[in-house]
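J.:
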Amino acid sequence: MEFLHSVIEAFSNCCLNCREEEARAGEATERSPLLQQQDQRNQTLQIRRISENNIDENEISTSFPTREKDEQTALSRIVQETNSNIIDVSALDTHHMLEQSEYNDRVKLYNQRLAQQWNNIPVPELGYNGLLKDMPNPEILLNFNPTTEELAIAKNFVKEAAQAINDMKIDNQDDLVVPFHFK
Amino acid sequence: MESKLDNVLDSMMQTENTIGVLIADNQGLSYGTRGVANSQAGGLITAIADQAAKIHPNLDAPVIILETENTSVTISKYGFHTGAIYKRKSQSKK
Amino acid sequence: MSDEVKRFFTSILNKVNGLNCVLISDRDGVPLLKLSKDNKFPELGTKQSFLSTFSIATVQSSKMMLGKNKQIILCYKSSTIVQLNKAPLIITFVGTESTNIGHLLTYANEVDKYLEEYKIVLEQNLI
Chain A
0 MEFLHSVIEA FSNCCLNCRE EEARAGEATE RSPLLQQQDQ RNQTLQIRRI SENNIDENEI
60 STSFPTREKD EQTALSRIVQ ETNSNIIDVS ALDTHHMLEQ SEYNDRVKLY NQRLAQQWNN
120 IPVPELGYNG LLKDMPNPEI LLNFNPTTEE LAIAKNFVKE AAQAINDMKI DNQDDLVVPF
180 HFK
Chain B
0 MESKLDNVLD SMMQTENTIG VLIADNQGLS YGTRGVANSQ AGGLITAIAD QAAKIHPNLD
60 APVIILETEN TSVTISKYGF HTGAIYKRKS QSKK
Chain C
0 MSDEVKRFFT SILNKVNGLN CVLISDRDGV PLLKLSKDNK FPELGTKQSF LSTFSIATVQ
60 SSKMMLGKNK QIILCYKSST IVQLNKAPLI ITFVGTESTN IGHLLTYANE VDKYLEEYKI
120 VLEQNLI
């Protein structure tokens, strides 16, 4: 019963606190996605290992409470993961606006920090990146002129291609609504 | 949908010494490429064609040929589209 | 270094047809660097509320099973906006409707090496 209760709680949490979860999801993806994913993977692996051990050793009586706990954490993790995978359109409207004072403070802070940083970081090396970099014998190239035939071919190609692009129409082949297959 | 464009690109590739073709729109985004042409180059090719067209704004856009020792790139503009043809230089023309 | 960064972005402004302004901001839309061709910043595309919308959009669109979202291109009637996701930074380019997007995107890969100092500034801020 307690188990069921926690499941319901987790689901209601996920619906009511969409915005909070969203913000947290945003932080996870933008700041430290790799480390956290690895952590989660390790944890789920551990859980799987623990539950397998329990079955092997037939110590159900002693291990039952821990198993239940593990399943609960695993379930709440699944709920959390699903929640962070949901594209929540309703949360898009209500993103937070910075207050003007905080905005100004941050602009000032960034300017200060940048002023301190300026000389600490080496300038990336830039090689010369031009078209006319290496032209040992320009005479050979200047000697030969394009024929009108070549120019006509080029013009004609672009004209045909442009017409083909203008003729493009979208053919309806699949259903308009396609179910997404989550892994 | 795009079979007509595919045909145009493929038939252009059949011509002698051609090693790549590209067609891009006015915003430098490639519609299609064949051979050695890289779709990333669409932006640069459109930029070159636009710059060259500014020399004589009242005339039709010119055909531009970039040449290196072994290859040449012919750039041409028609309306909102810009095309490029990459060619290997034939030995006889030297 | 800072001069180099400014020079790099100014060169993009000058090279790409139709481009008017470049902004480097944090994910809440607070600008760290603002550059524009004629020192005018268009209302659309430089507001803090507009810039921060990108952070949400990029997170949401990363969930479509197509991998992580790298950039978002917005085409309006009279302007084009290209935003690059360089977490924790957002790079925003604002231009006219005929901006050469393809040309602009060829520079998107080069941007990274100029962002180090800005990233360091933000990391200090988080601690």
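First to last, the sequence lines map onto chains A, B and C.
Reading the first sequence from the start, the letters are residues 0 to 182 in numbering that gives the first Met the number 0.
Reading the second sequence from the start, the letters are residues 0 to 93 in numbering that gives the first Met the number 0.
Reading the third sequence from the start, the letters are residues 0 to 126 in numbering that gives the first Met the number 0.
Just so you know, even glycine gets a beta-carbon here, dropped at the ideal spot from N, CA and C.
Taking any Cβ of chain C, which residues in the stretch 33–64 of chain B have a Cβ under 9 Å from it, in chain order?
T.: Residues Ser38, Gln39, Ala40, Gly41, Gly42, Leu43, Ile44, Thr45, Ala46, Asp49, Gln50.
J.: Pick helix, strand or coil for A:Arg105, following the three-state DSSP scheme.
T.: Locating residue 105 of chain A in the first sequence gives position 106, where the first residue counts as 1. Helix, per DSSP.
J.: Less than 6 Å between the CB of C:Asn19 and some heavy atom of the ligand MG, yes or no?
T.: Looking at this structure, you won't find the ligand MG or any other ligand, since it has none at all.
J.: CB-CB under 7 Å to A:Ile139, same chain, minus the five flanking residues each way: which ones, in chain order?
T.: Numbered from 1 along the first sequence, position 140 holds the residue referred to as residue 139 of chain A. Nothing listed; no residue qualifies.
J.: By the criterion of Cβ-Cβ separation under 9 Å, what are the contact partners of A:Asp166 in chain B?
T.: Counting from one through the first sequence, the residue named residue 166 of chain A turns up at place 167. Ordered by position in chain B, the residues that pass the 9 Å Cβ test against A:Asp166 are Lys3, Leu4.
J.: To the nearest angstrom, how far is the alpha carbon of A:Gly25 from that of B:Ser38?
T.: By one-based count along the first sequence, residue 25 of chain A stands at place 26. By one-based count along the second sequence, residue 38 of chain B stands at place 39. Confidence at A:Gly25 is low in this model, with a pLDDT of 43, below 50, so the placement of that residue should be treated as unreliable; the coordinate-derived value is given next. Each residue's Cα considered, the two are about 32 Å apart.
J.: Using CA atoms only, rank isn't needed, just tell me which of B:Gln26, B:Met0, B:Arg33, B:His55 is closest to B:Ser10.
T.: Residue numbering aside, residue 10 of chain B sits at position 11 when the second sequence is read from its first letter. The option with the nearest alpha carbon to B:Ser10 is B:Arg33.
J.: Buried or exposed: B:Tyr85, going by 16 or more other Cβ atoms within 10 Å of its Cβ?
T.: Numbered from its first residue, the second sequence carries residue 85 of chain B at position 86. Classification for B:Tyr85: buried.
J.: Could you tell me whether the stretch 93–113 of chain A touches the stretch 77–86 of chain C, where touching means 3 or more Cβ pairs closer than 8 Å?
T.: No, they do not touch.
J.: Got a sec, what are the start and stop residues for the beta strand (DSSP E) A:Ser157 sits in?
T.: In the first sequence, the residue the question calls residue 157 of chain A occupies position 158. The sequence given here places Val at residue 157 of chain A; Ser does not occur at that position. From DSSP, A:Val157 is part of no beta strand (DSSP E) but of the alpha helix (DSSP H) over 147–165.
J.: Can you tell me the Cα-Cα spacing of C:Lys118 and C:Val81, whole angstroms?
T.: Working through the third sequence from its first residue, we reach residue 118 of chain C at position 119. Working through the third sequence from its first residue, we reach residue 81 of chain C at position 82. Taking the straight line from one Cα to the other gives about 20 Å.
J.: Hey, does B:Asn16 have any beta-carbon neighbour from chain A nearer than 7 Å?
T.: Start at 1 with the first residue of the second sequence, and residue 16 of chain B comes out as number 17. So no, B:Asn16 is outside the interface.
J.: Mind pulling the chain C residues with CB within less than 9 Å of A:Val106?
T.: Start at 1 with the first residue of the first sequence, and residue 106 of chain A comes out as number 107. The answer, in chain order, is Val29, Pro30, Leu31.
J.: Using Cβ-Cβ distances below 8 Å, what residues of the stretch 87–113 of chain C are close to chain E?
T.: Protein chains in the displayed structure are A, B and C, and chain E is not among them.
J.: Name, going along the chain, the residues of the stretch 37–70 of chain C whose beta-carbon falls closer than 9 Å to a beta-carbon of chain A.
T.: The stretch 37–70 of chain C vs chain A, Cβ under 9 Å: Gln47, Ser48, Ser51, Thr52, Ser54, Ile55, Ala56, Thr57, Val58, Gln59, Ser60, Ser61, Lys62, Met63, Met64, Lys67.
J.: Let me see if you follow: with CB-CB separation under 7 Å, is C:Val120 close to chain A or not?
T.: By 1-based counting over the third sequence, the position of residue 120 of chain C is 121. It does: the Cβ of C:Val120 has a partner Cβ on chain A nearer than 7 Å.
J.: Any idea which residues DSSP pairs B:Val20 with across the strands?
T.: Taking the first residue of the second sequence as 1, we reach residue 20 of chain B at position 21. Beta-bridge pairing links B:Val20 to B:Arg33, B:Ile84.
J.: Could you tell me which residues DSSP puts in a beta bridge with C:Pro30?
T.: Mapped onto the third sequence, residue 30 of chain C falls at position 31. Paired residues: C:Ser24.
J.: Quick one: which residues of the stretch 9–26 of chain C get their C-beta closer than 8 Å to a C-beta of chain B? List them in chain order.
T.: Cβ contacts with chain B come from Lys14, Val15, Asn16.
J.: Apply the 10 Å Cβ neighbour rule to A:Asp104 and answer buried if 16 or more other Cβ atoms are within range, or exposed otherwise.
T.: In the first sequence, counting from the first residue as 1, residue 104 of chain A sits at position 105. Looking at its Cβ environment, which holds fewer than 16 other Cβ atoms inside 10 Å, A:Asp104 is exposed.
J.: Taking 6 Å as the limit between beta carbons, can you name the residues of its chain near C:Leu73, skipping five residues before and five after?
T.: Translated into positions along the third sequence, residue 73 of chain C becomes position 74. Correct list, in chain order: Ile80.
J.: Just to check my reading of the structure: C:Gly94 and C:Gly17 have Cβ atoms closer than 8 Å, yes? What is that Cβ distance to the nearest angstrom?
T.: Position 95 of the third sequence, counted from the first residue, corresponds to residue 94 of chain C. Position 18 of the third sequence, counted from the first residue, corresponds to residue 17 of chain C. Confirmed, about 5 Å.
J.: Less than 7 Å between CB atoms is the rule here; does B:Gln26 satisfy it with respect to chain C?
T.: Here residue 26 of chain B refers to the residue found at position 27 of the second sequence. Answer yes: the Cβ-Cβ gap between B:Gln26 and chain C drops below 7 Å somewhere.
J.: Go through its chain and collect everything with a Cβ distance to B:Ile18's Cβ below 6 Å, but skip five positions before and after it.
T.: On the second sequence, residue 18 of chain B is found 19 positions in, with the first residue counted as 1. So the list reads Gly34, Val35, Tyr85, Arg87, once near-sequence residues are dropped.
J.: Which residues in the same chain as B:Asp5 place their Cβ atom closer than 8 Å to its Cβ, once the five residues preceding and following it in sequence are excluded?
T.: Here residue 5 of chain B corresponds to residue number 6 of the second sequence, with the count starting at 1. Around B:Asp5: Gly31.
J.: What did DSSP end up calling B:Gly27 once you bin it into helix, strand or coil?
T.: Taking the second sequence and counting its residues from 1, the one referred to as residue 27 of chain B is at position 28. Residue state, collapsed to three classes: coil.
J.: Going by CA-CA distance only, name the one from B:Ile22, B:Asn16, B:Gln13 that's closest to A:Asn165.
T.: Taking the first residue of the first sequence as 1, we reach residue 165 of chain A at position 166. Considering only alpha carbons, the answer is B:Ile22.
J.: Assign B:Glu66 to one of three DSSP states: helix, strand, or coil.
T.: If you number the second sequence from 1, residue 66 of chain B lands on position 67. It is a strand residue.
J.: Return the residues of the stretch 138–151 of chain A that lie within a Cβ-Cβ distance of less than 8 Å from chain B, sorted by chain order.
T.: If the cut-off is 8 Å between Cβ atoms, the stretch 138–151 of chain A has Ile139, Leu140, Phe143, Pro145, Glu149, Leu150 near chain B.
J.: What residues of chain C sit near A:Leu175, judged by a beta carbon separation below 9 Å?
T.: Counting from 1 along the first sequence, the entry for residue 175 of chain A is found at position 176. Within chain C, no residue comes near A:Leu175; the closest Cβ sits about 17 Å away, beyond 9 Å.
J.: Identify every residue that forms a DSSP beta bridge with C:Leu88.
T.: Here residue 88 of chain C refers to the residue found at position 89 of the third sequence. DSSP output for C:Leu88 lists C:Asp25, C:Lys85 as bridge partner(s).
J.: Select from A:Ser83, A:Leu97, A:Leu150 the residue whose C-alpha is nearest the C-alpha of C:Lys62.
T.: Numbered from 1 along the third sequence, position 63 holds the residue referred to as residue 62 of chain C. Among A:Ser83, A:Leu97, A:Leu150, the Cα nearest to that of C:Lys62 is on A:Ser83.
J.: What do you get for C:Asp25, buried or exposed, if any count of 16 or more other CB atoms within 10 angstroms of its CB means buried?
T.: Translated into the one-based positions of the third sequence, residue 25 of chain C becomes position 26. Classification for C:Asp25: buried.
J.: Give me the Cα-Cα distance between B:Pro61 and B:Val7, rounded to the nearest whole angstrom.
T.: What you label residue 61 of chain B is simply residue 62 of the second sequence in a count that begins at 1. What you label residue 7 of chain B is simply residue 8 of the second sequence in a count that begins at 1. Rounded to whole angstroms, B:Pro61 to B:Val7 spans 21 Å at the Cα level.
J.: Suppose you measure from the CA of C:Asn38 to the CA of A:Phe143; what does that come to, to the nearest Å?
T.: For the purposes of this step, residue 38 of chain C is taken as residue 39 along the third sequence, with counting starting at 1. For the purposes of this step, residue 143 of chain A is taken as residue 144 along the first sequence, with counting starting at 1. Each residue's alpha carbon lies about 46 Å from the other.
J.: Express the C-alpha separation of A:Thr81 and A:Thr65 in angstroms, rounding to a whole number.
T.: The residue you call residue 65 of chain A lines up with position 66 of the first sequence. The residue you call residue 81 of chain A lines up with position 82 of the first sequence. Between A:Thr65 and A:Thr81, the C-alpha separation is close to 24 Å.
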